[in-house]
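Same order as they appear, the protein sequences are chains A and B. Here the numbering used here is used: the first residue of the first sequence is 527, the next is one more, and so on. Here the numbering used here is used: the first residue of the second sequence is 527, the next is one more, and so on. Remarks on the structure that follows.
Number of protein chains: 2
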Amino acid sequence: MNIFIAGIDGYLGWTLAQYLTIKGYRVTGADALLRREWVEEVDGQSALPIASIQERLSAFQAAYGRQIEFYEGNLLEYDFIQDCLRQAQPDVIIHLGEMPSAPYSMIDQAHAFFTQQNNVLGNLNLLWAMKETCPDAHLVKLGTMGEYGTPDLDIPEGFFEVEYRGRTDRLPFPRQAGSFYHWSKVHDSNNTMYACKIWGLRSTDIMQGVVFGTRFPGMCDRPEMRTRLDYDQCFGTVINRFCCQAVIGHPLTVYGEGLQRRGFIPLQDAMQCLTLASENPPEAGEYRVFNQFENTYSIVELARLVQSAAKTLGLDVSIQHIENPRNEVPRHHYQPERQKLVELGYQPTHDIIGEIRAMLEDLLPHRDHILHKTDTLVPDIHWDGTRKRAQVFETVASASVSD
Amino acid sequence: MNIFIAGIDGYLGWTLAQYLTIKGYRVTGADALLRREWVEEVDGQSALPIASIQERLSAFQAAYGRQIEFYEGNLLEYDFIQDCLRQAQPDVIIHLGEMPSAPYSMIDQAHAFFTQQNNVLGNLNLLWAMKETCPDAHLVKLGTMGEYGTPDLDIPEGFFEVEYRGRTDRLPFPRQAGSFYHWSKVHDSNNTMYACKIWGLRSTDIMQGVVFGTRFPGMCDRPEMRTRLDYDQCFGTVINRFCCQAVIGHPLTVYGEGLQRRGFIPLQDAMQCLTLASENPPEAGEYRVFNQFENTYSIVELARLVQSAAKTLGLDVSIQHIENPRNEVPRHHYQPERQKLVELGYQPTHDIIGEIRAMLEDLLPHRDHILHKTDTLVPDIHWDGTRKRAQVFETVASASVSD
Chain A
527 MNIFIAGIDG YLGWTLAQYL TIKGYRVTGA DALLRREWVE EVDGQSALPI
577 ASIQERLSAF QAAYGRQIEF YEGNLLEYDF IQDCLRQAQP DVIIHLGEMP
627 SAPYSMIDQA HAFFTQQNNV LGNLNLLWAM KETCPDAHLV KLGTMGEYGT
677 PDLDIPEGFF EVEYRGRTDR LPFPRQAGSF YHWSKVHDSN NTMYACKIWG
727 LRSTDIMQGV VFGTRFPGMC DRPEMRTRLD YDQCFGTVIN RFCCQAVIGH
777 PLTVYGEGLQ RRGFIPLQDA MQCLTLASEN PPEAGEYRVF NQFENTYSIV
827 ELARLVQSAA KTLGLDVSIQ HIENPRNEVP RHHYQPERQK LVELGYQPTH
877 DIIGEIRAML EDLLPHRDHI LHKTDTLVPD IHWDGTRKRA QVFETVASAS
927 VSD
Chain B
527 MNIFIAGIDG YLGWTLAQYL TIKGYRVTGA DALLRREWVE EVDGQSALPI
577 ASIQERLSAF QAAYGRQIEF YEGNLLEYDF IQDCLRQAQP DVIIHLGEMP
627 SAPYSMIDQA HAFFTQQNNV LGNLNLLWAM KETCPDAHLV KLGTMGEYGT
677 PDLDIPEGFF EVEYRGRTDR LPFPRQAGSF YHWSKVHDSN NTMYACKIWG
727 LRSTDIMQGV VFGTRFPGMC DRPEMRTRLD YDQCFGTVIN RFCCQAVIGH
777 PLTVYGEGLQ RRGFIPLQDA MQCLTLASEN PPEAGEYRVF NQFENTYSIV
827 ELARLVQSAA KTLGLDVSIQ HIENPRNEVP RHHYQPERQK LVELGYQPTH
877 DIIGEIRAML EDLLPHRDHI LHKTDTLVPD IHWDGTRKRA QVFETVASAS
927 VSD
């Protein structure tokens with residue numbers, strides 16, 4: 527099976543390239559290397575120092591004796607993506623090549639504009655290029671659980687049977703995203719659903735929970751194989767950020783009460799799921815949606831889990847409740863379905879404490895490196911378009927937590 | 527009331543500028559004059575010869591003694607739209623400034639890309655510029671009934687109460703648009719709904735039916751006051767196209783069986799409704815959706831109505847069923863709600879035959895002009911990305927129609 531990864535230099539992309547190659551698949555990929563620029567722009571850095579893409583590719587070949595074909599370029603360039611697909615002749619296209627940060631998209635007009643331009647038009651180009659060059663390929667597209675928002679209903683996998691005024695139909699489940707970034711993913715989902723309908727393309731649209739972790743079992747330990755791990759306010763997702771905070775003794779910063787509940791998935795489970803989706807393509811013309819997460823947690827639960835895991839490593843961390851810079855509902859129903867991947871064989875890791883501890887162990891040797899950049903551990907990007915450091919509401923010392 | 531019209535040089539824009547001025551409102555507007563270029567690009571022309579924007583504005587001032595402030599520029603230029611709003615200080619912004627053609631968006635990758643870039647990013651810029659310069663203004667944004675597609679349910683006005691697995695919530699009604707153009711309007715609607723939610727903007731999102739007609743009662747008869755009327759496969763909407771066909775003795779080209787049913791609205795009713803929406807703003811933070819159409823008709827019904835109206839003017843036209851170049855469901859349920867505008871005072875014209883006859887009378891003096899450009903009366907843009915003249919299935923002579 528030939529697999530093409532758009533966004534192969536990213537957090538998921540570089541990990542997945544290794545995971546799939548170890549599984550025996552031929553992997554090629556493209557990247558514009560923009561993630562590195564965005565993180566630098568917001569004064570962030572990878573907590574685990576990472577190698578250049580050239581160093582990564584060379585080390586990969588040295589370790590596995592297999593070459594990853596790499597194309598540097600941008601999905602907004604239609605000729606580029608057409609050339610990539612003509613060269614790669616993929617059976618599966620895994621599209622991870624988007625700007626993935628909600629706060630980054632909310633900084634100002636320019637960043638909202640950039641986000642929707644980059645994501646929506648890049649994905650649209652990819653759909654056209656598939657239609658023109660490889661209409662039988664299977665597009666595994668990365669969406670996000672954040673597309674659904676927090677409706678006061680259970681969340682099905684993309685579609686639901688609905689009765690209205692005595693009639694019934696199967697309809698797309700309404701999306702209520704929570705940032706211009708999340709809306710860009712909704713727009714992508716809609717365009718992709720439509721391309722499948724009119725052109726007979728096949729796609730699995732992955733509504734993925736928030737990913738955390740540094741590795742999968744059996745991942746090569748060479749520094750060039752490390753994937754990035756961001757902890758700034760834009761690109762650092764919550765568990766990753768908490769772990770970096772724990773390692774340097776910074777309070778774990780919970781936005782508001784922390785009762786917002788979301789789906790989360792360890793990096794190794796994300797690899798497992800993306801592989802399962804790739805290995806089990808839908809029919810031509812079928813657009814299917816998988817909700818991809820291991821479990822749901824509230825943010826304050828996660829802070830306590832990180833606190834506990836840190837304690838077993840002798841790290842004493844407190845939890846800090848700070849002003850929520852986002853616009854999100856503080857308390858809400860949250861019951862998303864997650865059945866389709868299980869039916870394909872997904873076996874959830876079910877050991878979040880173990881995962882977090884493994885992350886902390888990977889991060890501890892880089893404590894000094896992380897300490898070099900700590901300015902954006904407390905957010906200042908507000909959803910109302912202003913920039914001001916979020917206020918601290920309350921700090922709960924670790925001693926008061928029973929674990 | 528200060529009203530700012532984005533897209534003031536278009537079919538609706540130029541008509542609305544006159545209509546609102548006659549009502550006594552101060553109107554300013556902007557346009558990039560792209561519609562003139564797009565129509566030329568697809569080898570079309572306005573059936574009614576139209577004046578340049580400068581001639582229009584001068585004639586307007588001569589006729590009414592009032593100036594329309596006009597800014598030439600593009601919504602994709604954020605500085606431009608900010609400057610416009612700072613100058614205009616609008617109470618109401620009526621956003622008609624988008625690329626409005628489904629077939630144009632389906633020509634190829636470049637046209638799909640252009641359509642979503644132009645519409646989605648232009649609207650996004652407008653939202654940011656409102657937030658920055660006039661957050662209390664009311665955005666009346668032109669969407670389309672085509673955003674809903676043809677679900678097997680009744681279509682409410684934007685939102686519906688839905689029960690699912692024992693819980694209920696009020697959710698956005700799922701959209702299932704039928705072209706990359708229509709999806710661009712859905713993306714706009716989503717971004718606009720979100721801007722209202724997080725920034726407290728107020729917006730009326732108009733899901734408008736297909737507009738037809740050449741004038742409103744009392745419209746000045748000077749040639750510079752005429753609005754454009756397109757009849758090519760891209761920018762000519764169905765009743766307008768049928769009327770132009772009738773005037774030159776071309777068969778009325780019905781796509782497929784013609785049992786597709788859509789909402790339609792006379793130009794004068796569209797003016798009435800857009801004015802009612804403008805005069806009755808929602809609360810700050812409110813995003814409301816109006817379905818704006820006079821009635822629903824199937825395409826073949828409309829062909830028969832145009833045929834009948836033409837007959838009263840001595841025009842003998844046949845109806846031709848041709849291959850449908852679009853991807854749409856041939857027979858379907860269609861029961862959209864239209865209540866909110868009626869509650870605000872909308873009085874439907876209810877005389878479609880009269881409207882069509884008035885159009886035919888306006889068009890007849892321009893028969894030779896229309897005959898100059900007839901190449902795109904039969905479509906060749908197919909939804910599968912190919913270009914080939916649609917095949918003729920069947921021609922029904924006018925004699926066989928009982929009316």
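Virtual Cβ for every residue (Gly too), placed ideally from N, Cα, C.
Query: Cα-Cα separation between residue 603 of chain A and residue 732 of chain B, rounded to whole angstroms; Result: 34 Å
Query: Own chain partners of residue 926 of chain B with C-beta closer than 6 Å, once the 5 adjacent residues on each side are dropped; Result: Legend: pLDDT at residue 926 of chain B = 45, less than 50; position of this residue unreliable, value from coordinates given subsequently. Counting only Cβ-Cβ distances below 6 Å, and skipping sequence neighbours, we find nothing.
Query: Helix, strand or coil at residue 928 of chain B [DSSP, three-state]; Result: Bear in mind that the predicted position of residue 928 of chain B carries a pLDDT of just 42, short of 50, making it too unreliable to give a figure here.
Query: Alpha-carbon spacing of residue 672 of chain B relative to residue 825 of chain A, whole angstroms; Result: 40 Å
Query: is_contact[residue 638 of chain A, chain B] using C-beta, thresh 8 Å; Result: yes
Query: Three-state secondary structure (DSSP) of residue 671 of chain B; Result: helix
Query: Unbroken beta strand (DSSP E) run spanning residue 713 of chain B, endpoints; Result: Looking at the DSSP string, residue 713 of chain B is not in any beta strand (DSSP E); the run it does join, the alpha helix (DSSP H), is 706-725.
Query: Residue 814 of chain B - containing alpha helix (DSSP H), residue span; Result: It is not in any alpha helix (DSSP H) - residue 814 of chain B instead sits in the beta strand (DSSP E) that spans 813-818.
Query: Beta carbon proximity, residue 913 of chain A to chain B, threshold 8 Å; Result: no
Query: Sufficient close CB pairs (3 or more, under 8 Å) joining the segment 805-817 of chain A to the segment 855-870 of chain A; Result: yes
Query: Same chain, Cβ closer than 6 Å to residue 928 of chain A, neighbours up to 5 away in sequence not counted; Result: Confidence in residue 928 of chain A is poor, its pLDDT being 42 and thus under 50, which makes the residue's placement unreliable; the coordinate value appears in the next sentence. Nothing meets the Cβ criterion.
Query: Buried/exposed call for residue 638 of chain B, threshold 16 Cβ in 10 Å; Result: buried
Query: Residue burial classification, residue 840 of chain B (beta-carbon count within 10 angstroms, cutoff 16); Result: exposed
Query: Same chain only: Cβ atoms within 8 Å of residue 930 of chain B, ignoring 5 sequence neighbours per side; Result: An answer regarding residue 930 of chain B cannot be provided, because it is not within the stretch 527 to 929 covered by chain B.
Query: In DSSP terms, what residue 595 of chain B is bridged to; Result: B:554
Query: Under the three-state DSSP convention, the category residue 853 of chain B falls into; Result: coil
Query: Residue 900 of chain A versus residue 770 of chain A: straight-line alpha-carbon distance, rounded; Result: 10 Å
Query: Length of the line joining the Cα atoms of residue 783 of chain B and residue 847 of chain B; Result: 7 Å
Query: Amino acids of chain B, ordered along the chain, whose beta-carbon sits closer than 8 Å to that of residue 679 of chain A; Result: 688, 690, 691, 693, 694, 695, 697
Query: Under 8 Å between C-beta atoms of residue 800 of chain A and residue 601 of chain A; Result: no
Query: Interface flag, residue 798 of chain A vs chain B, CB-CB below 8 Å; Result: no
Query: Touch test, the segment 694-706 of chain B against the segment 786-799 of chain B, Cβ-Cβ under 8 Å, three pairs minimum; Result: no
Query: Within 7 Å of chain B by C-beta, residues of the segment 724-748 of chain A in sequence order; Result: 724, 725
Query: Delimiting residues of the beta strand (DSSP E) encompassing residue 621 of chain B; Result: 618-621
Query: Inter-residue CB distance, residue 688 of chain A and residue 690 of chain B (contact presumed, cutoff 8 Å); Result: 7 Å
Query: Short CB-CB distance (under 8 Å) between residue 713 of chain A and chain B; Result: yes
Query: Buried versus exposed call for residue 758 of chain A [16 or more other C-beta atoms within 10 Å across all chains shown]; Result: buried
Query: Range covered by the beta strand (DSSP E) that runs through residue 846 of chain B; Result: 845-848
Query: Assigned secondary structure, residue 804 of chain A (DSSP; H/G/I helix, E/B strand, else coil); Result: helix
Query: Min CB distance residue 862 of chain B to chain A below 8 Å; Result: no
Query: Partners in chain A for residue 815 of chain B, counting only beta-carbon separations shorter than 7 Å; Result: Correct list: empty, because the minimum Cβ distance to chain A is about 13 Å.
Query: Sheet register partners of residue 824 of chain B (DSSP bridge); Result: B:787
Query: 8 Å Cβ shell around residue 831 of chain B - same chain, five flanking residues per side excluded; Result: 823, 878, 879, 882
Query: Residue 634 of chain A in three-state terms, based on DSSP; Result: coil
Query: 8 Å CB neighbourhood of residue 806 of chain B in its chain, flanking five on each side removed; Result: 870
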